[in-house]
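Inspection log for the structure reproduced underneath, given as structure tokens.
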Amino acid sequence: MLEHLVNLSIISSSLRIATPILLASLAGTISERSGVINIGIEGVMLLSAFAAAFGSFFLGAWPGVLVGVMVGGALGLVHAFMSITVRSDQVVNATAVNILAIGLPNIIISRVWKGYYSSTPIVPVVRNLRLELLDRLPVVGKVFGDLNPIVYVAFLLVPAMHVLLFKTRVGLRIRAVGELPIAADTLGVNVPKLRYLSVIASGMLAGLGGAYLSICYQSQFSMGMTEGRGFIGLAAMIFGRWTPVGAMAASILFGLADAFQANAQSAGLPIPAEIMLTLPYVLTLLALIKVAGKRVLGPAAAGQPYVKN
Amino acid sequence: MKTQSSFQHRQGIELVVAVLEEPIARSLLALFLALAVVFLVMPVLGANPLGAYSSLFAGAFGSKQAIGETSLAMTPLLISSLGFALAYKCGLFNIGLEGQIQVGAVAAAFVGYSIHGLPSAVHLPLALAASLAAGAIWGLGPAILKARFGIHEVISTIMMNYIAFKLSAYMVSVQGPMKDRLDLMPASPVIESSAKLARIMGGTRLTWGIAIALVAAFLVWFLLSKTRLGYKLRVVGQNHFAAEVGGIRASHYYVIAMMLSAGLGGLAGGVETLGVHYRLLASFSPGYGFDAIAVSLLGGLHPLYIIVSSFIFGALRSGAILMQAKEGMSKDIVQVISTVIIFVMSMADPLGRLIKRRIGLKTNA
Amino acid sequence: MRGIVKRFPGVLANDDVDLEVTSGEVHCLLGENGAGKTTLMNVLYGLYSRDRGEICVDGSPVEFKGPSDAIRHGIGMVHQHFMLVPVFSVVDNIVLGSEPTRGGFIDRDRARREILALSREYNLPVDLDAQVRDISVGMQQRAEILKLLYRGARIMILDEPTAVLTPKEVDELFKIICALKSSGCTIVFITHKLREVMEFSDRVSVLRRGRRVATLETANTDAAELVKMMVGREVVAHVEKSDRVPGRVVARVDEVTAKNQRQLPALRGLSFQVSEGEIVGIAGVEGNGQNELAEILTGHRKPTSGKVTLQGRDMTGRSPKEFLRAGVAYIPADRLRDGLIAEFALFENTTLGYQDSLPFAKGVRLDQGEERLFCEQIVKEFEIKATSTSVPSGLLSGGNQQKLIIGRELRRDPRLLVAVQPTRGLDVGAIEYVHSQLIRAREEGKAVILISLELNEILSLSDRILVMYEGRIAGEFTSAEASREELGLCMAGGRASQ
Numbered sequence: 000m001l002e003h004l005v006n007l008s009i010i011s012s013s014l015r016i017a018t019p020i021l022l023a024s025l026a027g028t029i030s031e032r033s034g035v036i037n038i039g040i041e042g043v044m045l046l047s048a049f050a051a052a053f054g055s056f057f058l059g060a061w062p063g064v065l066v067g068v069m070v071g072g073a074l075g076l077v078h079a080f081m082s083i084t085v086r087s088d089q090v091v092n093a094t095a096v097n098i099l100a101i102g103l104p105n106i107i108i109s110r111v112w113k114g115y116y117s118s119t120p121i122v123p124v125v126r127n128l129r130l131e132l133l134d135r136l137p138v139v140g141k142v143f144g145d146l147n148p149i150v151y152v153a154f155l156l157v158p159a160m161h162v163l164l165f166k167t168r169v170g171l172r173i174r175a176v177g178e179l180p181i182a183a184d185t186l187g188v189n190v191p192k193l194r195y196l197s198v199i200a201s202g203m204l205a206g207l208g209g210a211y212l213s214i215c216y217q218s219q220f221s222m223g224m225t226e227g228r229g230f231i232g233l234a235a236m237i238f239g240r241w242t243p244v245g246a247m248a249a250s251i252l253f254g255l256a257d258a259f260q261a262n263a264q265s266a267g268l269p270i271p272a273e274i275m276l277t278l279p280y281v282l283t284l285l286a287l288i289k290v291a292g293k294r295v296l297g298p299a300a301a302g303q304p305y306v307k308n
Numbered sequence: 000m001k002t003q004s005s006f007q008h009r010q011g012i013e014l015v016v017a018v019l020e021e022p023i024a025r026s027l028l029a030l031f032l033a034l035a036v037v038f039l040v041m042p043v044l045g046a047n048p049l050g051a052y053s054s055l056f057a058g059a060f061g062s063k064q065a066i067g068e069t070s071l072a073m074t075p076l077l078i079s080s081l082g083f084a085l086a087y088k089c090g091l092f093n094i095g096l097e098g099q100i101q102v103g104a105v106a107a108a109f110v111g112y113s114i115h116g117l118p119s120a121v122h123l124p125l126a127l128a129a130s131l132a133a134g135a136i137w138g139l140g141p142a143i144l145k146a147r148f149g150i151h152e153v154i155s156t157i158m159m160n161y162i163a164f165k166l167s168a169y170m171v172s173v174q175g176p177m178k179d180r181l182d183l184m185p186a187s188p189v190i191e192s193s194a195k196l197a198r199i200m201g202g203t204r205l206t207w208g209i210a211i212a213l214v215a216a217f218l219v220w221f222l223l224s225k226t227r228l229g230y231k232l233r234v235v236g237q238n239h240f241a242a243e244v245g246g247i248r249a250s251h252y253y254v255i256a257m258m259l260s261a262g263l264g265g266l267a268g269g270v271e272t273l274g275v276h277y278r279l280l281a282s283f284s285p286g287y288g289f290d291a292i293a294v295s296l297l298g299g300l301h302p303l304y305i306i307v308s309s310f311i312f313g314a315l316r317s318g319a320i321l322m323q324a325k326e327g328m329s330k331d332i333v334q335v336i337s338t339v340i341i342f343v344m345s346m347a348d349p350l351g352r353l354i355k356r357r358i359g360l361k362t363n364a
Numbered sequence: 000m001r002g003i004v005k006r007f008p009g010v011l012a013n014d015d016v017d018l019e020v021t022s023g024e025v026h027c028l029l030g031e032n033g034a035g036k037t038t039l040m041n042v043l044y045g046l047y048s049r050d051r052g053e054i055c056v057d058g059s060p061v062e063f064k065g066p067s068d069a070i071r072h073g074i075g076m077v078h079q080h081f082m083l084v085p086v087f088s089v090v091d092n093i094v095l096g097s098e099p100t101r102g103g104f105i106d107r108d109r110a111r112r113e114i115l116a117l118s119r120e121y122n123l124p125v126d127l128d129a130q131v132r133d134i135s136v137g138m139q140q141r142a143e144i145l146k147l148l149y150r151g152a153r154i155m156i157l158d159e160p161t162a163v164l165t166p167k168e169v170d171e172l173f174k175i176i177c178a179l180k181s182s183g184c185t186i187v188f189i190t191h192k193l194r195e196v197m198e199f200s201d202r203v204s205v206l207r208r209g210r211r212v213a214t215l216e217t218a219n220t221d222a223a224e225l226v227k228m229m230v231g232r233e234v235v236a237h238v239e240k241s242d243r244v245p246g247r248v249v250a251r252v253d254e255v256t257a258k259n260q261r262q263l264p265a266l267r268g269l270s271f272q273v274s275e276g277e278i279v280g281i282a283g284v285e286g287n288g289q290n291e292l293a294e295i296l297t298g299h300r301k302p303t304s305g306k307v308t309l310q311g312r313d314m315t316g317r318s319p320k321e322f323l324r325a326g327v328a329y330i331p332a333d334r335l336r337d338g339l340i341a342e343f344a345l346f347e348n349t350t351l352g353y354q355d356s357l358p359f360a361k362g363v364r365l366d367q368g369e370e371r372l373f374c375e376q377i378v379k380e381f382e383i384k385a386t387s388t389s390v391p392s393g394l395l396s397g398g399n400q401q402k403l404i405i406g407r408e409l410r411r412d413p414r415l416l417v418a419v420q421p422t423r424g425l426d427v428g429a430i431e432y433v434h435s436q437l438i439r440a441r442e443e444g445k446a447v448i449l450i451s452l453e454l455n456e457i458l459s460l461s462d463r464i465l466v467m468y469e470g471r472i473a474g475e476f477t478s479a480e481a482s483r484e485e486l487g488l489c490m491a492g493g494r495a496s497q
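What follows is the structure, encoded as structure tokens:
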């Protein structure tokens with residue numbers, strides 16, 4: 000039984016499962032780094048997952064991914080408008096998006112596909128990348144040989160965002176705007192513009208995560224398929240101290256837990272399936288406790304609208 | 000140089016601002032906009048808006064039975080919305096109501112079917128109390144996480160939601176301890192009749208639950224506006240710094256508020272189980288916990304106005320069933336209505352201030 | 000600047016103000032709190048938009064849509080509260096918004112070189128790689144000035160630059176200003192301290208209640224004349240205070256140590272006592288532990304060691320509620336954040352701290368009738384300008400808000416009153432009122448601890464003065480012995496000649 004539980008395929012499963020969590024946590028990171036809290040990532044992911052499946056059905060897999068990302072960006076724009084320009088409560092707005100994501104897909108599905116209600120039909124997917132060279136290598140091959148290209152994209156975004164945030168002008172300004180926006184403003188930095196860009200980028204990342212779920216990880220959209228990964232991603236963001244690398248590490252950890260739980264079921268562990276399914280959520284709570292014990296704070300201005308005179 | 004038209008223009012804007020600021024007007028505006036948006040969107044989704052709305056109305060108010068169904072749907076909405084409003088007044092965003100409703104149902108069902116031979120006067124309150132306690136306990140975790148560690152309650156309560164769903168599913172799964180062995184459905188045994196909530200209106204499914212809900216509304220209103228505890232909760236919710244200076248320990252009251260709020264969630268689950276389903280079903284709540292947010296906001300977070308807004312939402316929910324049957328318009332449209340309402344209500348104050356700033360009026364903040 | 004008008008909700012901050020600054024001079028903007036000095040400069044810097052009026056730089060009219068426009072015209076501003084991101088390094092803070100790049104990335108090496116050159120040229124030593132939150136206030140200010148120099152500012156606006164400096168650091172700042180002036184910069188200096196005007200400036204413009212009263216050559220005027228222009232009438236230099244012999248000891252602090260928000264030591268073995276009918280003034284530059292001391296005395300912070308005694312009772316580490324019960328009243332520094340609930344009505348604010356006692360608490364209920372009555376009494380007794388007790392407290396003026404808080408706290412009939420910065424941001428009339436209330440408390444036999452950054456206030460009100468430096472009492476003086484020079488020396492860490 001042990002070899003069922005712990006083997007190399009668990010690592011590749013972890014990477015697969017970690018990907019949407021990673022994308023969600025990157026989305027959260029860039030948004031909060033600029034000072035805007037975005038707990039609507041779950042809803043954005045779900046709606047984008049649906050949009051991607053929808054797009055894929057009519058246009059094909061890769062266009063579907065694009066549709067998902069665009070829808071995510073559009074939702075990010077809405078959140079940005081509400082949070083930055085109108086300055087209404089960021090948590091309430093995000094909750095509205097999450098609620099919309101519960102109902103809207105079903106309505107459209109039942110209209111577009113007769114007989115379908117809570118899930119779409121099977122749609123074209125983005126195929127995994129079989130890397131010939133790697134396949135021949137003993138260990139690495141088993142882990143990396145058969146991964147979806149989006150997985151690579153997601154993990155490559157980690158160093159990309161790291162460089163962006165810490166080595167470029169834009170990154171410095173984004174971080175400044177999230178820590179002390181008035182300081183940035185007095186130096187001529189355009190606070191709203193940067194926040195808008197970050198939140199839209201956040202939406203697009205969440206959109207990519209959603210697209211991954213419906214047309215890479217699965218082959219259709221089904222109601223509630225994000226299963227809280229948007230929120231787990233936020234926990235990963237906190238656990239990773241609002242850095243891309245930290246987010247990656249935390250996401251892999253959560254992915255490992257999820258993969259372990261899935262493996263455990265097939266390995267015949269005597270723990271019931273549903274109890275095992277609570278593992279990711281319990282782990283998230285524990286991770287939050289561990290982080291909070293050290294009194295770590297996020298970007299100082301996160302969640303506070305910036306008011307100019 | 001102000002011309003006639005620009006003067007009228009300005010008057011129009013001032014009217015909009017006045018509507019946004021006045022609580023009742025604002026709620027009506029939100030409701031109207033939500034219904035209007037959906038009305039306009041329906042043709043795109045292939046439904047006939049007039050037909051849809053008329054069957055919605057008929058399904059909600061068209062007969063005694065319809066009104067009974069509306070009030071029945073109103074009951075858990077009212078109770079859980081009170082829970083949301085109470086937590087919100089103390090500065091907490093209890094998005095975990097859905098999970099708290101679920102565990103309340105588990106507790107109520109368990110007490111309902113596993114204890115035999117008790118008179119109704121004892122069994123029923125016991126089951127209700129169990130559901131309240133279960134909800135409160137479910138809220139205790141996130142409450143402590145917030146009070147001790149400062150962890151935002153949104154993430155922790157959402158995690159508790161998922162755990163609640165999975166645990167409850169386990170309870171009535173094939174190997175689960177609460178599964179009714181004699182039934183193929185994933186459900187618990189039916190509760191004893193001594194634990195059932197009696198019908199209150201002949202010819203309908205409406206139970207005494209509605210009375211419980213109304214009493215709860217009155218109690219919450221009294222608590223918040225007339226008692227010392229309510230004062231302290233409100234102070235903490237409005238300005239926890241000043242609260243500390245006034246000798247009110249915020250962390251303490253976060254826990255109290257959360258437990259009361261979650262307890263109300265549990266109660267909602269209990270009332271629904273003991274009055275409608277009479278057993279624990281895997282996932283019986285069609286999103287009451289999330290609707291509670293819209294209902295609360297629509298009611299301006301005022302316990303007595305929430306009675307009205309929960310009635311409206313109850314009407315939407317029960318009416319939507321008929322609407323789906325007759326017009327084929329999915330009842331999930333209620334979720335869309337919810338969303339628009341939340342957006343409008345949340346935007347009202349800031350938007351009002353934004354407009355005022357642009358036209359140069361005095362603002363409070 | 001000509002005819003500048005700037006309005007805020009409820010306040011006309013700048014009422015048709017003209018200002019002319021000539022190149023190469025040090026020009027002081029003098030006025031009391033609320034006179035409109037900072038607002039005027041924020042308009043110049045492009046941070047605020049003006050409602051009316053025009054601005055000309057070097058003779059040509061300009062329109063600043065934001066600070067970047069002002070920066071491009073060579074105008075720079077160092078604000079009263081530093082605009083430095085605490086978690087960023089000094090380098091990052093200085094280059095923010097004007098970062099040098101190489102191949103798309105920030106060229107930190109070039110930034111360092113350029114800044115070090117400036118730092119050497121103007122004698123502004125800074126630790127480039129340190130995080131701003133770890134460096135001294137003096138270094139932070141130097142970093143702010145370097146920010147301006149890095150962008151080639153020729154016109155520098157300094158807003159109350161000495162508020163956070165020790166007297167010695169003030170002298171250093173003066174030297175820096177001289178150096179900047181001789182290199183051709185023009186300096187505009189906002190202050191409310193007459194000494195600085197007389198010492199540093201070439202010309203001074205006095206603002207009062209949003210209007211410019213006069214502009215004079217500093218050499219042609221004196222402090223008395225300036226004060227009259229600043230305030231509009233004769234100012235009473237000293238408050239009337241009777242000779243009192245202090246009574247029993249009310250509060251005692253013994254060898255208390257404590258940490259601050261960031262877990263760094265804030266109090267390092269502090270001991271003192273205060274008795275009935277005495278005002279003990281705690282002087283010191285901001286950041287030497289005064290806030291933490293106030294928190295220890297009111298139960299908002301637990302000392303890591305040592306004892307806090309109140310009338311013989313050990314109160315170390317007890318909750319704020321217990322301190323309230325023991326008769327400690329607290330007037331916090333930040334009245335809007337800690338003292339009041341802006342959105343609540345006045346009568347709900349006056350109940351704060353009383354919610355569990357009679358006559359308000361009746362079982363589980365809160366008697367609103369009693370609440371309103373109590374509030375009305377306070378409004379009347381303390382002459383608070385409000386239309387009714389149902390008005391949200393956030394609508395009151397600063398002075399009236401402070402009166403509400405003082406009224407609420409004094410009605411507690413406390414044994415000990417802890418007042419922190421009680422006159423911050425208030426106009427002269429309100430300041431006089433607050434001072435008279437503190438004296439009244441003293442007359443009534445209460446013990447008063449006054450923590451303030453305003454040396455004049457400490458000097459005129461206190462019976463005894465303690466100077467805090469780096470978490471310890473650096474010197475103790477009676478009001479007769481104390482002089483500005485000695486206090487200043489203590490505040491800077493020098494030894495007091497006792």
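Protein chains in written order, with numbering that gives the first Met the number 0: chain A, 0 to 308; chain B, 0 to 364; chain C, 0 to 497.
Cβ coordinates follow ideal geometry from the N, Cα and C atoms, glycine included.
Check	Outcome
For residue 473 of chain C, the nearest candidate out of C:464, C:390, C:480 (CA to CA)	C:464
Proximal residues, the region 338-351 of chain C versus chain B, C-beta separation under 8 Å	338, 339, 340, 341, 342, 343, 347, 350, 351
Top-ranked residue by Cα proximity to residue 380 of chain C, from C:406, C:360, C:389	C:406
Nearest-angstrom Cβ-Cβ length linking residue 328 of chain C and residue 207 of chain C, presumed shorter than 8 Å	Going by Cβ atoms, the distance from residue 328 of chain C to residue 207 of chain C rounds to 34 Å, so no, they are not a contact pair.
For residue 446 of chain C, the first and last residue of its enclosing beta strand (DSSP E)	446-450
Cβ contact (3+ pairs, closer than 8 Å) linking the region 4-15 of chain B and the region 263-278 of chain A	no
Coarse secondary structure for residue 150 of chain C, derived from DSSP in three states	coil
Sequence-distant residues of the same chain with beta carbon closer than 7 Å to residue 479 of chain C, five excluded per side	none
Per-residue contacts from residue 45 of chain B into chain A (C-beta, under 7 Å)	110
Distance between beta carbons of residue 198 of chain C and residue 446 of chain C, contact taken as under 8 Å	Their Cβ separation, rounded to whole angstroms, is 37 Å, which puts residue 446 of chain C and residue 198 of chain C out of contact at 8 Å.
Straight-line Cα distance separating residue 148 of chain B from residue 260 of chain C	15 Å
Beta-carbon proximity check, residue 65 of chain A vs residue 100 of chain A, cutoff 8 Å	no
Cutoff 8 Å: residue 35 of chain C Cβ touching any chain A Cβ	no
Secondary structure, alpha helix (DSSP H): runs of 4+ residues fully inside the region 286-355 of chain C	289-297, 319-324, 345-349
Residues that residue 27 of chain C bridges to, as DSSP identifies them	C:188, C:203
Residue-level contact to chain C via CB, residue 166 of chain A, 8 Å cutoff	yes
Within-8 Å CB hit, residue 244 of chain B to chain C	yes
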